[in-house]
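A.B. asks: Shown below is the structure under consideration.
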Amino acid sequence: MKERANWDKETADRYNQELDRCLGLAVQEFRTANGLTQGELAKAAVMSVRWLKKLEANQLTTAYSIRRIDRIACALGVPIYDLFKRATEMAGPLPPWLDQEGAEGDE
Numbered sequence: 001m002k003e004r005a006n007w008d009k010e011t012a013d014r015y016n017q018e019l020d021r022c023l024g025l026a027v028q029e030f031r032t033a034n035g036l037t038q039g040e041l042a043k044a045a046v047m048s049v050r051w052l053k054k055l056e057a058n059q060l061t062t063a064y065s066i067r068r069i070d071r072i073a074c075a076l077g078v079p080i081y082d083l084f085k086r087a088t089e090m091a092g093p094l095p096p097w098l099d100q101e102g103a104e105g106d107e
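Everything in the sequence shown is counted per full-length UniProt numbering, starting at 1 for the first residue and increasing by one.
Put into structure tokens, the structure is as follows:
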């Protein structure tokens, strides 16, 4: 059972990394659809252009906060839900065991 739990964690970690990558792509997609440059969006969201570039390129070395992503969503004029929904669509379906109430061994 422990082997299964390790595999589940590794798979979940890979999926989360893919979701992070896709979140950056979703931000870029919404930004370009709104005709904004990275500089314009960064200014409107009150953050550095460098950080926004790293988010879009999946090069962040630290975790992002929901508050920061919400500022981006507000600057884009979309609900934060739309950013995460698009990122989830791009990342593809969850592994079946992650799509349940909780993964095995998750107690």
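Built from N, CA and C at the ideal position, the CB exists for glycine as well.
Rounded to a whole number of angstroms, what is the C-alpha to C-alpha distance between Lys2 and Asp8?
C.D. replies: By 1-based counting over the sequence shown, the position of residue 2 is 2. By 1-based counting over the sequence shown, the position of residue 8 is 8. With a pLDDT of 49 at Lys2, under the threshold of 50, the modelled position of that residue is not reliable, and the figure given next carries that caveat. The straight-line gap from Cα to Cα measures roughly 10 Å.
A.B. asks: Counting C-beta neighbours from all protein chains within 10 Å, is the total for Ala33 16 or more, i.e. buried, or is it exposed?
C.D. replies: The sequence position of residue 33 within the sequence shown is 33, counting from 1. Label assigned to Ala33: exposed.
A.B. asks: Could you give the DSSP three-state label for Tyr81: helix, strand or coil?
C.D. replies: Here residue 81 is taken as the residue at index 81 of the sequence shown, counted from 1. It is helical.
A.B. asks: Kindly give me the distance between the Cβ atoms of Ala63 and Leu19, rounded to whole angstroms, as I take these residues to be in contact under 8 Å.
C.D. replies: Translated into positions along the sequence shown, residue 63 becomes position 63. Translated into positions along the sequence shown, residue 19 becomes position 19. At roughly 13 Å, the Cβ-Cβ gap does not stay under 8 Å, so Ala63 and Leu19 are not in contact.
A.B. asks: Who are the near neighbours of Pro79 in its chain, counting only those whose CB is closer than 7 Å to its CB and skipping five residues on each side?
C.D. replies: Looking up residue 79 in the sequence shown gives position 79. Result list for Pro79: Ala73, in chain order.
A.B. asks: When you compare the CB positions of residue 146 and Gln38, do they come within less than 7 Å of one another, or not?
C.D. replies: Residue 146 cannot be examined here, being either before or after the span of the chain that is shown, 1 to 107.
A.B. asks: Among residues of its own chain, excluding the 5 on either side of Arg68, which ones have a beta-carbon nearer than 7 Å to its beta-carbon?
C.D. replies: Numbered from 1 along the sequence shown, position 68 holds the residue referred to as residue 68. So the list reads Met47, once near-sequence residues are dropped.
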